Amino acid sequence: MATAFDDEVRSAGNDTPLGFLLTVAAGRLVKDDDPAAFADWFVKAAPTLMPELFCKARDPAHFARVLARGLYGITPLPRHGYVAQRLPQPGRNEPCFCGSGRKYKQCCAQFDSAMPFPEVNMLRYMLDASSRDVFVALPASRVRIDAVADTARQWLDEGRDKQVVALLEPWFGGAAPLGSRLEILFDTLMDAYLQLGRPRKRKALIETVLARGDRQLQSAAWQRRAVMASDQGQHEPAFEAFREAQRLDPDAPSLTHLEIMLLIGAGRMQQARERAKFWLARAQRDRDFPPPLLDLLRRAAEDPAEAVLDVQERRVPALATLRAFPREMPPPEVRHDVMLDADGIGHLRAQPPLAKAEAKWRKHFVQAKPPLTALGGDNAIAFADSDKWLALLKREPLLWQSFDVLDDLTMAVQALGLLGAEHAIMVPLLDRAVALLRLHVEASGARQLPWGFVENRPALRSLATRVHHALDEGDRETALRLARWLVLDLNPNDNHGLRGALMRLYVEAGSYDDAIALGRRYPGDFAELTLTHVLALYCAGRTEEAATALRTAAAVHSRAVKTLLAENAKPTKSDVFGIVVGGAEEAWLYREAHRDLWRERGALAWAADELARWRPRKRAGKARHDSPVQSDTQIGLPLAKDD
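Under the working numbering, the residues of the sequence shown are numbered 13 to 655, in order.
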């Protein structure tokens with residue numbers, strides 16, 4: 013009977029019969045913690061609360077009294093400082109505590125020594141039955157930290173995030189130093205803040221730990237800061253935080269996992285693989301290294317994205333099915349008609365069989381197409397009810413020929429924001445959409461498929477997203493090839509603003525004539541294209557044209573030119589309404605992305621000298637107007653350093 017009961021205990025929760033029994037028992041102990049009174053109550057109540065536990069007992073009352081004693085001995089009571097204290101054990105030849113009149117060794121000793129209750133965290137049930145007022149007193153008590161952490165984690169899994177915050181915040185209050193034993197509470201509280209959408213609270217907690225924590229706890233805080241920066245696409249700050257965490261606690265096993273995650277997030281797959289091999293060699297010499305992390309390192313040494321995705325699939329099981337689909341997809345086929353006008357400008361239209369299958373798709377998959385020219389949206393909710401549309405994809409393989417379906421799946425995976433999913437699932441979907449689009453263009457002879465036709469948007473969105481992914485991963489060859497096809501051929505209106513990136517790719521590749529031609533194709537454009545056009549002219553050796561273009565840029569995009577050339581420009585905060593043309597954020601973003609390129613090509617010093625020489629001529633004679641610039645105030649010079 014003890015073995016069966018042990019299985020019940022291990023799976024106990026509030027929604028199980030045993031969980032209900034423990035909850036009621038804890039409520040009784042909160043009201044009255046006298047052991048004798050509790051045992052008398054348990055003998056009467058327990059068989060009714062959980063009859064299946066007592067139905068096979070020879071003497072239910074006797075068995076209940078034994079259980080009551082064991083349960084009382086593992087319950088952390090307030091009067092004991094929340095430390096569990098077993099009741100005194102009778103001597104082997106003394107009368108048994110159950111009142112049978114028999115010697116203890118002949119009665120309950122066999123049960124008392126084998127009670128499986130130690131597997132239960134009774135603190136969780138005691139706190140369930142208590143008011144939140146008691147949470148404040150816990151840090152000063154003798155309660156076990158692991159019991160508090162386990163309670164918080166259970167509540168977090170049950171969606172009781174606010175209760176988790178109420179339980180854990182007092183541990184980080186006051187002004188006393190914080191020790192490494194609190195690391196597990198710190199991690200759980202950070203997760204609770206994340207679930208509640210409280211970024212300021214997360215940042216404040218990190219600052220608290222950095223100010224008052226010991227080295228190990230500070231390292232944990234820096235690791236969290238690294239993850240937060242990586243999630244926001246701030247990869248260099250993320251690696252800076254990682255290095256600080258490593259300095260403080262170089263032997264922390266979590267650093268191995270973190271570095272690989274950061275490298276994958278930054279698209280540096282080869283380096284992630286190499287670092288996994290490095291950490292694996294070290295970890296295999298450490299007997300105490302956590303086995304799950306060791307297994308992750310082994311798999312990451314082969315394929316980092318796949319290894320991380322294996323972990324992520326525990327959170328989103330549908331990813332495993334979706335990841336297997338590329339091996340089952342039929343080859344791309346022409347299943348859309350391309351409706352062309354006399355100039356070869358057309359739009360895609362699904363052929364009747366595909367249109368019928370797409371109608372079924374929309375019944376099972378709740379679409380959330382993004383507004384305007386956005387490339388993604390918040391449609392991760394699609395995975396909440398994925399069984400139906402995953403089954404439909406298996407029944408209707410024709411859907412893999414649909415730009416609309418591939419677009420939906422790509423955006424849903426992207427919205428999850430899970431490391432590994434982008435590389436292992438999203439990119440294959442995008443590559444299929446690109447191959448499918450090329451097949452249709454070649455078969456139809458279409459010159460353009462403009463964004464203005466709504467039917468073209470799923471295909472063009474997939475192509476633009478693939479360009480951005482290639483840029484993020486540093487795959488310049490793929491980015492250049494696809495951006496050129498999209499901007500110069502399919503959609504010259506460039507609704508996704510990729511011409512600036514294309515211009516930079518041309519300059520990086522030394523294709524200066526192509527870059528100059530692109531700049532002339534979009535005269536009077538935004539700062540990114542206009543300034544990089546100046547750079548292309550300079551690199552091509554056409555310095556007179558470059559100087560004229562620079563002076564024009566200084567007039568039209570004065571803030572961007574000034575910020576580019578400044579020695580110590582200050583970062584700007586993002587505007588809630590977006591990037592303002594001619595504004596500080598536009599100028600800062602151009603500087604961040606392009607200043608090194610200007611410096612490497614020797615154009616940074618040239619531009620500063622050129623504008624410095626031009627300024628005195630303006631001051632010497634008011635009648636001279638050989639430049640588009642009308643006054644020094646429009647340029648905002650001097651340019652040597654930031655104001």
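Note that CB positions come from ideal geometry on N, CA and C, so glycine has one too.
Predicted model, so just to flag it, every value in this text is computed and none were measured.
Looking at the backbone, the Cα of P302 and that of L197 are separated by about 19 Å. Positions of the alpha helix (DSSP H) runs, each at least 4 residues long and wholly inside the segment 120-208, are given as 121-124, 134-140, 157-169, 173-180, 195-208 in order along the chain. With fewer than 16 other CB atoms across the displayed protein chains lying within 10 angstroms of its CB, K43 is exposed. Taking the Cα of V439 as reference, the smallest distance to any Cα among V453, D419, R450 is reached at D419. Under the DSSP assignment, D307 falls in the alpha helix (DSSP H) whose first and last residues are 303-314. Linking R311 to A433 through their CA atoms gives a straight-line distance of about 15 Å.
The beta carbons of Q413 and R361 sit about 13 Å from each other, so the pair does not count as a contact at 8 Å.
Where R361 is concerned, the enclosing beta strand (DSSP E) starts and stops at 358-362.
With respect to the 7 Å criterion, L366 and G358 are not classified as neighbours on the basis of their beta carbons. Close CB contacts of V479 within its chain, under the 7 Å cut and outside five residues either way in sequence, are with A491, L494, A495, L498, L510 (chain order). Judged by pairs of C-beta atoms under 8 Å, the segment 161-178 touches the segment 194-213, as three or more such pairs exist. In this structure K174 is exposed. Its beta-carbon is surrounded by fewer than 16 other beta-carbon atoms within 10 angstroms. DSSP places V546 inside the alpha helix (DSSP H), whose first and last residues are 539-551. Listed as beta-bridge partners of G225 by DSSP are L190.
Beyond the five residues adjoining it in sequence on each side, P265 comes within less than 7 Å, by CB distance, of F301, P302, L305 in the same chain, given in chain order.
Within the same chain, Cβ atoms closer than 6 Å to the Cβ of R154 are found at G93, V95, the five residues on either side in sequence being excluded. The three-state secondary structure of H569, taken from DSSP, is coil.
Ranked by Cα distance from N580, the options G595, S570, A455, W600 are led by W600. For the pair A561 and V573, the CB atoms are not nearer than the 7 Å cut-off. Each residue's CA atom was taken as its position, placing S456 and V350 some 6 Å apart. Between A386 and L428, the C-beta gap is not smaller than 7 Å, which leaves the two residues out of contact. Short of 7 Å from the beta carbon of Q258, and not among the five residues preceding or following it, lie these beta carbons of its own chain, in chain order: L267. If the five residues before and after R473 are omitted, its C-beta is found closer than 7 Å to the C-beta atoms of L387, D419, all from its own chain and listed in chain order. For L352, the uninterrupted beta strand (DSSP E) segment begins and ends at 348-352.
Each residue's CA atom was taken as its position, placing V593 and F538 some 7 Å apart. Counting along the chain, G31 sits inside the alpha helix (DSSP H) bounded by residues 29-43.
The three-state secondary structure of P382, taken from DSSP, is coil. Assigned with DSSP and collapsed to three states, Q244 falls in coil, not helix or strand.
Relative to the Cα of K215, the nearest Cα in the group A566, A141, R236 belongs to R236.
At the C-beta level, A76 and F54 come within 7 Å of one another. Straight across, the Cα-Cα distance linking R459 with L448 is about 16 Å.
Taking C-beta separations shorter than 7 Å and ignoring five residues to either side along the sequence, the partners of E622 in its chain run A559, L562, following chain order.
In the DSSP assignment, V78 falls within the alpha helix (DSSP H) that extends over 72-85. In this structure, T542 and H508 do not form a Cβ contact; the two beta carbons are roughly 18 Å apart against a cut-off of 8 Å. Here DSSP, grouped into helix, strand and coil, assigns P470 to helix. For D52, the enclosing alpha helix (DSSP H) begins and ends at 47-61.
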